[in-house]
Structures are given as structure tokens and as C-alpha cells.
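Take a look at the structure below.
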Amino acid sequence: MIPTPFTVQHYAFVAGAKDAHGNPVVTYTPLLTAPGIGRKVAGWSGASTAEPPLAGHDRVVVDLELMVPKGFPARARDKIRIAEQPVAGLYEVVGDPRDFTASPFKGPLGRGWGYVLTLRRTDG
């Protein structure tokens, strides 16, 4: 079993949500203003950043990979909040998880240890 010493906050994207007037809205459960659901993870990769080389442009895109155990429920468009510095922030899950649960190889973490989620945060 993969060790999971870190905790992140998970917010599940609600597909098909509508406001009081029937208009589609983007929402999460729990709401992003509330604490998320605490989920144990193995850790994350070092963050990579990208800044467009344009004068006056102040947007920074931060990508990282989150290593999670089998059964972790996050999927594309969900949000993950990481509290630990220097990568602290609210990230969006990009795409489907990469699945390492069907590996035929047995190593120190066992057979098929879990998933890798790609996360992205945009500041500015």
C-alpha cells in the first residue's frame, strides 16, 4: 500500500448545476468558500510554471502532479486545495487520472499503487 502522509482538500465538480433561473452554473460540493473534503495523498511533484514573455502580462500558470492512492475520487474539473508551501493554492484537476493500478510489477509500494492527477493553477 502506498503511504499517504499528506492531506489535501477535495471539491467535486457538479455537472449540470443550474441557478434559480435555470441557467447553467459552475459549482462544487462542498462550495469553494467552505473547507473541502480532506483526502490523504502520497505527495506531489515539484511545480512547473509558465509566464508568457509579453510586456505587461502578469499571468502565471502553475502545473504539478499529485500522487494519490487507489480509490481516490477526483476527476477532471474537480478542485484540489493544497495548504503546504511553496505549492499552496487551489488547483483544478486537468484531464483524467493516469492509472497505475494495473501494473504487473510488484515493487516496494506493492502492485499497482494508485493514480497521478495533473493539477493546474492560474494566477493573474
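Heads up: the sequence shown begins at 15 in the numbering used here, then just goes up one per residue.
Glycine included, C-beta positions come from ideal geometry on N, C-alpha and C.
Quick check on the burial criterion: 16 or more other C-beta atoms within 10 angstroms. Buried or exposed for K93? The sequence position of residue 93 within the sequence shown is 79, counting from 1. K93 should be labelled buried.
Opening and closing residue of the beta strand (DSSP E) in which R112 lies: Indexing the sequence shown from 1 puts residue 112 at position 98. Taken as a continuous stretch (DSSP letters only), the beta strand (DSSP E) holding R112 covers G103 to D113.
Indicate whether the contact test is met: 3 or more Cβ pairs, each with one atom in the stretch 49 to 57 and one in the stretch 28 to 40, closer than 8 Å. They do not touch, by the three-pair rule.
Quick one: measure Cβ to Cβ for V74 and D137, integer angstroms, because I've assumed they're closer than 8 Å. For the purposes of this step, residue 74 is taken as residue 60 along the sequence shown, with counting starting at 1. For the purposes of this step, residue 137 is taken as residue 123 along the sequence shown, with counting starting at 1. Rounded, the Cβ-Cβ distance is 5 Å, consistent with contact.
Please tell me whether I2 and A90 are closer than 9 Å, where the distance is taken between their beta carbons. Outside the modelled stretch of the chain, which goes from 15 to 138, sits residue 2, for which no answer is possible.
If I measure Cβ to Cβ from P38 and keep anything under 8 Å in the same chain, skipping five residues before and after, which residues do I get? Along the sequence shown, one-based indexing puts residue 38 at 24. So the qualifying residues of the chain are G30, A31 and K32.
Once the 5 residues before and after K84 are set aside, which same chain residues still bring their CB inside 6 Å of it? Working through the sequence shown from its first residue, we reach residue 84 at position 70. T115 and G128.
Under a three-way DSSP split, which group does D77 fall into? Translated into positions along the sequence shown, residue 77 becomes position 63. Correct three-state label for D77: strand.
Given this structure, state the Cα-to-Cα distance separating P118 from H24, to the nearest angstrom. Counted from its first residue, the sequence shown places residue 118 at position 104. Counted from its first residue, the sequence shown places residue 24 at position 10. Computed Cα separation, rounded: 30 Å.
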